[in-house]
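Enquirer:
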Amino acid sequence: MAAEDSVSPSDLLRRITVPIAGAVVVLLAAAWYVTWSMSEFTMSFLTMGVPTETFGFGVFFGLIVVTMIAMMLPAALPMILAFHAMTRLEAGRPMKPADAIATTLFILPYFLLWGGFGVLALVGLMALGLLSPLVGLVAFIPAATLIAAGVYQVSRSKEVCLTQCQSPMSFVMLHWQSGRMGAVRMGLRHAGYCLGCCWLFMIVLFVAGSMNLLWMGLLSGVIFAEKVATRPQAVARGIAALLVVLGGIAIVQGYLAF
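Its first residue numbered 588, the sequence shown is counted upward by one per residue in the working numbering.
(1) Can you name, in chain order, every residue of its own chain whose Cβ lies under 6 Å from the Cβ of Val759, other than the five neighbours on each side?
(2) Taking the C-alpha atoms as reference points, what is the distance between Tyr780 and Leu699?
(3) Excluding sequence positions up to five away, which residues of its chain have a Cβ less than 6 Å from the Cβ of Pro755?
(4) What residue range does the alpha helix (DSSP H) around Leu715 cover?
(5) Reducing DSSP to helix, strand and coil, say where Thr741 ends up.
(6) For the segment 786-798 against the segment 730-737, do three or more pairs of beta-carbon atoms, one drawn from each stretch, fall closer than 8 Å, so that the two count as touching?
(7) Helix, strand or coil: how does DSSP classify Ile838 here?
(8) Ordered along the chain, which non-local residues of its own chain (more than five positions away) have a Cβ less than 6 Å from that of Val706?
(9) Spell out whether any CB of chain B is found under 9 Å from the CB atom of Ala778.
(10) When you compare each of Ile790, Met773, Leu717, Tyr739 to Thr690 by their alpha carbons, which one comes out closest?
(11) If the criterion is Cβ atoms closer than 9 Å, does the pair Ala662 and Ala618 meet it?
(12) When you compare only the Cα positions, how much space is there between Gly804 and Cys785?
(13) Which first and last residues belong to the alpha helix (DSSP H) in which Ala816 is found?
(14) Grab the span of the alpha helix (DSSP H) containing Met789 for me, first residue to last.
(15) Going by other Cβ atoms of all chains shown within 10 Å of its Cβ, with 16 needed for buried, is Ser624 buried or exposed?
(16) Expressed to the nearest angstrom, what Euclidean distance is found between the alpha-carbon atoms of Glu591 and Lys814?
(17) Cα separation between Gly769 and Gly783?
(18) Let me check understanding here. Comparing Cα to Cα, which of Gln840, Leu749, Leu709 lies closest to Ala816?
(19) For Glu640, does the three-state DSSP call read helix, strand or coil?
(20) If distances are taken between C-alpha atoms only, which option among Ile790, Gly835, Gly825 comes closest to Leu717?
(21) Measuring straight from C-alpha to C-alpha, what distance separates Leu829 and Gly737?
(22) Counting only the same chain and skipping the five closest in sequence on each side, list residues whose C-beta sits under 6 Å from that of Ala589.
(23) Mark Leu660 as exposed unless 16 or more other C-beta atoms lie within 10 angstroms of its C-beta, in which case mark it buried.
(24) Using 9 Å as the threshold, is the C-beta distance between Cys836 and Val809 below it?
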C-alpha cells in the first residue's frame, strides 16, 4: 500500500481544510486592510454621489465588493470548505490535491452577488437621499431599518435561506454539479441563499451603520454566528429581538431630539 493511502482521517482533514482556509484568511485580511485604508475614500463616494465615468464607477464597484467580502466571507468559509473537499471525492482522489480552480469558480459568484447588491442598494439609497444627513421624519429611517431587519429575521424567507446556509455538506450533496461550470452554477445558487439571509444586514450597515468599520465587524460576527450555531433559528430569533430593541431605542432617541 502506498504511503499516501494510509493517511489518517485527521491528516486527510488537514490536507483538505488548511490550504483553502489559509487562503481565505489571507483574502479576508487583505479585504479588511483595503476596507480600513480606503474608508475615507469610500465615504467620499457616499457624500459626493456615484461616479458616472467608467473608471470612477469601476473603482466604486471594486471598493464595495471588497467591503462586502470583508463582512461576508467568514460566514461563507464552511460552505467553501465543504465544496473544496467534495472536489476530491468526485474525482475519486481523496488523497490528491483538490480542484483549486473549481473552488475559485465556486467562490466568485459570491463576490459578484454581494458586490452587485451592495452597489445597487447604495445607488438606490443615495438616489432617495437616505445616506445624507437625515432631518425631520426621515431621521427615523435608520430605526425603521433596524426594526425591519429584526422582523425579517423571523420570516419564512429567512428560515429557508438560513437552512441552506447552515448545513454546508447537505447543500453540497443535494445540489452537486460536476465540472467547473457546475461549480459556477452551484456558487450562484448558494450565493443567492446567502444574499437572502443577509441582504437586510447590508442595508443596516449602509443606513444605520453608515459604513462604519465597527458596525461591519459586529454584523460580520452576527452573520457568522447564526450560520455556524447548533440552533440557528434560536440565534436568529435572538438577533431579531436585539435589532427590534435597538430600533426602538433609536426611535426614542430620535423623538427626544425631534
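For glycine and all other residues, C-beta sits at the position ideal for the given N, C-alpha and C.
Expert: The relevant details are as follows:
(1) Leaving aside the five residues that flank Val759 on each side, the residues in its chain whose CB is nearer than 6 Å to its CB run, in chain order, Ala669, Phe670, Met673.
(2) Those two C-alpha atoms are separated by around 14 Å.
(3) If we look at Pro755 and ignore the five residues flanking it on each side, its Cβ neighbours are Pro665, Met666, Ala669.
(4) For Leu715, no alpha helix (DSSP H) run applies, since DSSP gives it neither H nor E.
(5) Note that residue 741 corresponds to Val in the displayed sequence, not to Thr. Val741 falls in the coil class under three-state DSSP.
(6) Taking a contact to require three or more Cβ pairs closer than 8 Å, the segment 786-798 and the segment 730-737 qualify as touching.
(7) Looking at Ile838 - three-state DSSP - the assignment turns out to be helix.
(8) Contacts found: Phe648, Ile651.
(9) Reference to chain B is not applicable here, since this structure consists of a single protein chain.
(10) Residue Met773 is the option with its Cα nearest to Thr690.
(11) The answer is no: Cβ separation not under 9 Å.
(12) If I take the Cα positions, the gap works out to 14 Å.
(13) DSSP places Ala816 in no alpha helix (DSSP H); its state is neither H nor E.
(14) Counting along the chain, the alpha helix (DSSP H) containing Met789 begins and ends at 766-794.
(15) With fewer than 16 other Cβ atoms within 10 Å, it is exposed.
(16) Only weak support exists for where Glu591 lies, its pLDDT of 47 falling under 50; the coordinates are left without a value.
(17) Distance between Gly769 and Gly783, taken at the CA atoms: about 21 Å.
(18) By alpha-carbon distance to Ala816, the top candidate from Gln840, Leu749, Leu709 is Leu749.
(19) Assignment of Glu640 by DSSP, reduced to helix, strand and coil, places it in the coil class.
(20) A check of alpha carbon separations from Leu717 across Ile790, Gly835, Gly825 identifies Ile790 as the nearest.
(21) The straight-line gap from Cα to Cα measures roughly 7 Å.
(22) No answer about Ala589 holds up, because its pLDDT of 48 lies below 50 and its placement is not dependable.
(23) Counting the other CB atoms within 10 Å of its CB gives Leu660 a total of 16 or more, which places it among the buried residues.
(24) For the sequence presented, residue 836 should be read as Ile rather than Cys. No, the Cβ-Cβ distance between Ile836 and Val809 is not below 9 Å.
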